[in-house]
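Those letters in the sequence shown? Residues 1 to 392, by the numbering used here.
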Amino acid sequence: MRDVSKELILILEMLKDNNEDSLKKYIEAEYKNIDWKLFLDLLLHHRVYPILASKLQRYDEKLIPQFVIQSVSGFYKRNVFKMLQLSGEMNELAKLFNINGIKAIFLKGPMLGNEIYGDMSLRTCGDLDLLIPIDDLEKMHNLLELKGYIKDDYIQTVLEDWKWRHHHVTYYHSCNNMKIEIHWRLHPGPGKEPLFNELWERKRELKFSNNPIYMLGREDLFLFLVSHGARHGWSRLRWLNDICGMIEQGIDWQKIDSLLKNHNNFHVVGQCIILSSQLLDVAETKETHRYINNQKSKSLAQDAIFYIKKMINLHNDMLPKDVYLYHRKHLYRLMSRQQKVLYILSYLYPYHIDVVTLPLPKKLHSLYFLLRPFLCLWRKARKQELSLEEPK
């Protein structure tokens with residue numbers, strides 16, 4: 001990788017589980033040139049400090065400054081408490097859902113640390129994500145409100161386009177500082193993905209507490225994490241490290257192949273395997289060989305380096321224009337042909353901005369299908385007019 005900082009290279013080398021002697025030689029050679037403040041910033045950004053906390057303890061301050069080791073140890077301890085808090089809340093929510101007959105699959109959370117690393121404290125997590133049938137959303141909303149959660153009503157919709165354009169809604173609890181994302185789809189639409197009942201049939205029960213807690217089947221989980229990481233440009237190394245852990249533990253590639261036939265994201269799996277191999281030295285096998293040799297996968301893997309080396313946070317409200325345009329293009333390149341067709345056709349479906357441009361009574365909202373081309377032209381003309389009126 002060109003133009004990659006020494007600090008990021010050091011983190012990648014540490015994640016590889018390389019021979020300690022060679023790693024020490026690298027640090028010794030670059031010690032005077034390493035910006036340890038940037039090193040800490042990168043650890044926080046990429047969310048890999050829990051995994052490296054114990055590794056850093058092995059080095060004396062002649063190699064790694066004491067303030068770096070102490071800072072990472074502090075980050076790790078705070079993460080332990082956060083995971084315990086999330087685990088307790090996950091247990092309470094699972095109990096609530098089971099009592100009220102809601103089928104809920106936890107997508108991410110502290111259980112992923114157990115699943116991939118054998119210890120929930122070795123992975124960071126800021127919230128709880130769970131998937132439920134879309135018909136249970138109102139029931140779920142009422143239960144969460146009774147529990148003190150407040151819905152973030154950020155979705156603006158027309159003609160119920162939220163059902164397929166969006167995929168989750170967020171709830172916050174101000175007292176315990178908890179955030180929950182309730183999904184009715186795994187990913188934003190439009191696009192084909194497994195039905196909830198299919199995922200429910202393949203679910204696994206966690207041996208985590210006295211209450212039944214369900215998570216995705218292993219291959220469904222792998223594909224979910226792959227698509228999630230790809231959609232975010234693999235901008236955090238934690239997501240890639242999760243994939244590496246799952247591959248090294250063993251994946252049923254026949255099941256993966258069977259699932260991919262239905263959902264057309266072969267190239268996205270190839271992208272993550274190439275990145276895992278090139279950045280974190282995951283061994284190539286005969287099962288993964290054909291993914292790596294896919295030309296589109298290679299191109300997408302190269303595209304992802306843009307996010308990794310620039311320390312881009314896609315969750316920022318305002319992205320730099322070049323990042324926004326690059327990410328928009330990358331998301332389109334990730335799509336299969338079928339997804340691209342659906343995406344282009346989705347522009348013909350009314351958007352909420354059409355309601356803002358020309359408010360109509362709700363019973364007449366179907367007219368927006370006819371009016372949308374004219375409203376788009378009006379907005380574009382108005383935008384050009386306003387730009388001409390701006391003072392030079």
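In this text, a Cβ means the ideal position worked out from N, Cα and C, and glycines have one as well. For clarity, every value in this text was computed on a predicted model and none was experimentally measured.
How many angstroms separate the CA atom of residue i from the CA atom of residue j?
i, j, result
"V226", "L40", "26 Å"
"A304", "G233", "5 Å"
"S91", "P65", "It should be noted that the sequence gives Asn, not Ser, for residue 91. Those two C-alpha atoms are separated by around 40 Å."
"L358", "L375", "8 Å"
"K309", "L52", "19 Å"
"D127", "G148", "16 Å"
"K6", "K16", "15 Å"
"L386", "G229", "Note that L386 scores a pLDDT of 49, beneath 50, so its modelled location is shaky; the value from the coordinates is reported in the next line. Using only the alpha carbons, I get a separation of about 39 Å."
"G113", "D242", "9 Å"
"S299", "R185", "28 Å"
"L325", "P188", "19 Å"
"W378", "H365", "18 Å"
"E287", "L206", "28 Å"
"L388", "R382", "Its pLDDT being 44, under 50, L388 is placed unreliably by the model, and the measurement read from it follows with that caveat. Distance between the alpha carbons of L388 and R382: 10 Å."
"E416", "G74", "In this structure the chain extends from 1 to 392, so residue 416 is not present and cannot be described."
"E193", "Q338", "12 Å"
"R165", "K62", "53 Å"
"V323", "N79", "30 Å"
"S258", "K380", "45 Å"
"F369", "S71", "56 Å"
"I34", "K296", "35 Å"
"P361", "L371", "14 Å"
"L10", "L319", "27 Å"
"L195", "H352", "27 Å"
"I256", "K25", "40 Å"
Would the beta-carbon of residue i fall within 8 Å of that of residue j?
i, j, result
"I105", "L199", "yes"
"L345", "V48", "no"
"H46", "N313", "no"
"K150", "Y172", "Per the sequence presented here, residue 150 reads as Ile, with Lys not at that position. Yes, the pair counts as a contact, with Cβ atoms nearer than the cut-off."
"V269", "L275", "no"
"L56", "P190", "no"
"D215", "L223", "Residue 215 is actually Met in this sequence, not Asp. Result no, Cβ atoms of M215 and L223 do not sit closer than 8 Å."
"M140", "I182", "yes"
"E201", "I251", "no"
"N294", "F266", "yes"
"P50", "L86", "no"
"K103", "I134", "no"
"L43", "L8", "no"
"L434", "L143", "The structure shown has nothing for residue 434, since the chain only spans 1 to 392."
"R231", "G217", "no"
"L12", "L279", "yes"
By a C-beta neighbour count over all protein chains shown, 10 Å radius and 16 as the cutoff for buried, is residue i buried or exposed?
i, result
"E394", "Nothing about residue 394 can be read from this structure; the chain reaches only from 1 to 392."
"K108", "buried"
"M178", "buried"
"G118", "exposed"
"V169", "buried"
"Y332", "exposed"
"Y307", "buried"
"C175", "exposed"
"T285", "exposed"
"S54", "exposed"
"H167", "buried"
"D354", "buried"
"K392", "Caution is warranted here: a pLDDT of 42 is assigned to K392, below 50, making its placement in the model unreliable, and the coordinate value is therefore given only provisionally. Exposed, since its Cβ has fewer than 16 Cβ neighbours within 10 Å."
"D3", "exposed"
Return the residue from the list the options that minimises the CA-CA distance to residue i.
i, options, result
"D281", "I247, H263 and K296", "I247"
"H327", "H315, D136 and Q338", "H315"
"L367", "I102, L159, L86 and G74", "L159"
"L334", "S277, C272, L279 and L12", "C272"
"L93", "L364, K25, Y347 and N211", "N211"
"W239", "I34, R382, L122 and Q70", "L122"
"I407", "K37, L319, L279 and I102", "Residue 407 lies beyond the stretch modelled for the chain, which goes from 1 to 392, so this question has no answer here."
"A283", "Q249, N262, S336 and I256", "Q249"
"N264", "K340, L206 and N197", "K340"
"P350", "L143, M318, A29 and T157", "T157"
"M83", "R58, L63, F75 and T124", "T124"
"R58", "K77, M14, I256 and R290", "M14"
"R290", "W253, L63, K321 and H352", "W253"
"C244", "S277, K329, S336 and L319", "S277"
"L130", "M120, I180 and L146", "I180"
"S235", "M311, K77 and D161", "M311"
"D302", "M318, D317, H330 and P320", "In the sequence on display, residue 302 carries Gln and not Asp. That would be H330, whose Cα lies nearest to the Cα of Q302."
"Y373", "K363, H352, Y347 and V356", "One point to set straight first is that residue 373 is Pro, not Tyr, in the sequence displayed. When each option's Cα is compared against that of P373, the closest is Y347."
Quick check for students: name the residue ranges of the alpha helix (DSSP H) that lie wholly in the segment 180-204, counting only runs of 4 or more. 196-201
Completely contained beta strand (DSSP E) runs for the segment 75-150, where each covers 3 or more residues: 105-108 and 128-131
Which residue spans inside the segment 287-312 form an unbroken beta strand (DSSP E) run of at least 3? none
Of all the beta strand (DSSP E) runs that stay within the bounds of the segment 212-257, which reach a length of 3 or more residues? 213-215
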